[in-house]
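Asks: The sequence shown lines up with residues -23 to -1, 1 to 263 when you count with mature numbering (1 follows the signal peptide of the UniProt record, and there is no 0). Idealized CB from N, CA, C, for every residue including glycine. Note that the structure is a prediction, hence the values are computed from the model and not measured.
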Amino acid sequence: MRVQSLTLVAASAALLAPTTFPGAPPPPLPEPPAQLLLPGAPDRPGPLRADRSGVRIGPVPHVPAGQPAPHVRQRTDSGPEAGPRAQRDASGSPVRAADLLARVRDCDPVSRGRYRSDAGAPADIPVCGTKEAMYWKADLDVDCDGRPGDRCNSGTDPHFSPATAYTGSDGRPLDAERLPYVVVPGPSDTWDHREDGVRGGSLAALVHGDRVRYAVVGDVGPSDLIGEASYAAARSLGIPADPEGGGVASDVTYIVFKGSQVEPIDDTAAAEKAGERLARRFVDGG
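#1: Got a sec, what are the start and stop residues for the alpha helix (DSSP H) K250 sits in?
#2: State the Cα-Cα distance for the pair R254 and Y158, rounded to the nearest angstrom.
#3: Which residues bound the alpha helix (DSSP H) around R212?
#4: Using the rule of at least 16 other Cβ atoms within 10 Å of the residue's Cβ for burial, across every protein chain shown, is E205 buried or exposed?
#5: According to the Cβ coordinates, are A153 and Y231 closer than 8 Å?
#6: Let's see if you can read the secondary structure: which residues bound the beta strand (DSSP E) around A226?
#7: Whose C-alpha, out of E109, P103, R89 and A100, is nearest the C-alpha of R258?
#8: Which term fits S146, buried or exposed, when burial requires 16 or more other beta carbons within 10 angstroms of its beta carbon?
#9: Relative to the C-alpha of Q238, which candidate in V260, H185, A140 and R171 has its C-alpha closest?
#10: Flag this pair as yes or no: are the beta carbons of V189 and L117 separated by less than 8 Å?
#11: Taking the alpha-carbon positions, what's the S207 to D244 distance?
#12: Since V193 contacts V161 with CB under 8 Å, what's their CB separation in whole angstroms?
#13: Compute the beta-carbon to beta-carbon distance between V119 and G223, rounded to the nearest angstrom, for a pair I have assumed lies under 8 Å.
#14: Quick check: the Cα distance between A226 and P241, rounded to an integer number of angstroms?
#15: Excluding the 5 residues flanking F234 on each side, which residues of the same chain have their C-beta closer than 6 Å to its C-beta?
#16: Is S138 near P164, with beta carbons less than 8 Å apart?
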């Protein structure tokens, strides 16, 4: 979990100028062996630690945005235990990292300001958007919050929180060790993800190096920081997943498909299948 920044990011009053993302990122690093901050709610201070997020408040109720979105209700025998894998479209070809990166190379900023990757870092990350998706390029800090396990607990992560903003099919906090999920910033004047059809269970494509993996929106972090995903998501991308010293400093692209939702949120097989379908539609411009 990331340490809450002590300085709030000032929201710009005007739209940001279009931005161009750099080319495809380098190959992923090898894997070593093995709060929701509601508008108006005060931040809860915590000890500073680089590359981590602030204490979360959760679970919290889902706040619908706009019109109801179609839900993905596919269940399979693989269940939440199934690890991320490359799904294929009808032609038999998985969506390539290069194709997704080309689709999000240009940025039409949607956020009214920019985010920091970590406390004390420059505020230089815009949230960009098209009619189909929201996206940003940032670092990846490892979120180990949720139900405790062998790798995510108060012993392995001194800033561990047993809560996540959204809960699983059993009503308990999400399992960061098993469920690939991404973290979105808390609603603010900079950007309110709910207004763009992003909510708990929304589908996301994560790109790092030549890898594409699919996840859901599973947690909400500090309102001025961006670039965080679960332990399971980091492992699926080949990123060191240690909650205290893992993660990667840059070159992770997050693409969240507007109006999408997996139910239940922890059905990884459904997320992977639907994620591949939405990613194919996105790169084809449909």
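Replies: According to the data block:
#1: T245 to V260
#2: 18 Å
#3: Y208 to S213
#4: Buried.
#5: no
#6: Run containing A226: V225 to F234, per the beta strand (DSSP E) assignment.
#7: E109
#8: exposed
#9: R171
#10: no
#11: 15 Å
#12: That pair is no contact at about 11 Å.
#13: Taking C-beta atoms under 8 Å as the contact rule, V119 and G223 qualify, at a distance of about 5 Å.
#14: One C-alpha to the other measures close to 31 Å.
#15: Excluding positions up to five away in sequence, the list reads A110, L180 and L255.
#16: In terms of Cβ geometry, S138 and P164 do not form a close pair [threshold 8 Å].
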